[in-house]
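There are 2 protein chains.
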Amino acid sequence: MYHSKILVTLRQSILDPQGKAVEHGVHSLGYDSVRNVRIGKFVELNVDAASREEAEKITREVSEKLLANPVMEDFSITVEEKK
Amino acid sequence: MYHSKILVTLRQSILDPQGKAVEHGVHSLGYDSVRNVRIGKFVELNVDAASREEAEKITREVSEKLLANPVMEDFSITVEEKK
Chain A
235 MYHSKILVTL RQSILDPQGK AVEHGVHSLG YDSVRNVRIG KFVELNVDAA
285 SREEAEKITR EVSEKLLANP VMEDFSITVE EKK
Chain B
235 MYHSKILVTL RQSILDPQGK AVEHGVHSLG YDSVRNVRIG KFVELNVDAA
285 SREEAEKITR EVSEKLLANP VMEDFSITVE EKK
């Protein structure tokens, strides 16, 4: 059993209105030193695979097909064996 | 200038209907080996602080007050100096 973590982030060239809204909220709390807030997704899942390579392949395919929008988003994955 | 990354995750005891929906989507793509999908938030921000300690303090306070719901969510932060 493997445990995968996927970070999905908006590409730098894409505007992030949700991040802007959070940034305004942060400033209204008095934290003026905080800038460039950007919001992404974090997905965790377990993969029942025979090897780390297979688990990585499945995680990558699922990320490409379902979790990330390739036009607007990048993703990075880490896979660890689960005790 | 420091760059902070915050992962906000639902506590294990809290049901994650969004994760369940994604899991159904993953299964309908044919990836039956994927289980326990859980969705969290990933927030990146810059902090203009004099030291790493100050940047961590600000990041932690912003996470507690605004980014995470302490009743339902946990968060973890990492802070790196930005070149």
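Line by line, the protein sequences give chains A and B.
With the numbering used here applied, the first sequence corresponds to residues 235 to 317, in that order.
With the numbering used here applied, the second sequence corresponds to residues 235 to 317, in that order.
Beta carbons are placed, not taken as given, at the ideal position from N, Cα and C, and that holds for glycine.
Remember, it's a predicted structure, so these values are computed and weren't measured experimentally.
Integer-rounded CB distance, given that residue j should sit under 8 angstroms from residue i
| i | j | result |
| --- | --- | --- |
| Val-268 of chain A | Glu-257 of chain A | 7 angstroms |
| Ser-238 of chain A | Val-313 of chain A | 5 angstroms |
| Lys-275 of chain A | Lys-275 of chain B | 7 angstroms |
| Val-277 of chain A | Ile-240 of chain A | 4 angstroms |
| Tyr-236 of chain A | Glu-287 of chain A | Not really, about 10 angstroms apart at Cβ, beyond 8 angstroms. |
Neighbour-count burial assignment, residue i, 16 or more Cβ in a 10 Å radius
| i | result |
| --- | --- |
| Asp-266 of chain A | exposed |
| Lys-317 of chain B | exposed |
| Arg-245 of chain B | exposed |
| Leu-249 of chain A | exposed |
| Ala-302 of chain A | buried |
Residue i at chain A interface by Cβ criterion, 7 angstroms
| i | result |
| --- | --- |
| Arg-286 of chain B | no |
| Ile-273 of chain B | yes |
| Val-313 of chain B | no |
| Leu-249 of chain B | no |
| Gly-259 of chain B | yes |
| Ser-262 of chain B | no |
| Tyr-236 of chain B | no |
Beta carbon proximity, residue i to chain B, threshold 7 angstroms
| i | result |
| --- | --- |
| Val-277 of chain A | yes |
| Leu-244 of chain A | no |
| Lys-299 of chain A | yes |
| Ile-292 of chain A | yes |
| Asn-280 of chain A | yes |
Distance cut-off 6 angstroms: residue i Cβ against heavy atoms of the ligand ZN
| i | result |
| --- | --- |
| Asp-250 of chain A | Absent from the structure shown: the ligand ZN. Ligands present: none. |
Subject >> At least three beta-carbon pairs within less than 8 angstroms, the stretch 251–266 of chain B to the stretch 296–305 of chain B >> reply: no
Original post:
Below 8 angstroms, can you find three or more Cβ-Cβ pairs linking the stretch 268–286 of chain B to the stretch 304–317 of chain A?
Top reply: no
Original post:
What alpha helix (DSSP H) runs, 4 residues minimum, are completely inside the stretch 237–312 of chain B?
Top reply: 251–262, 286–296
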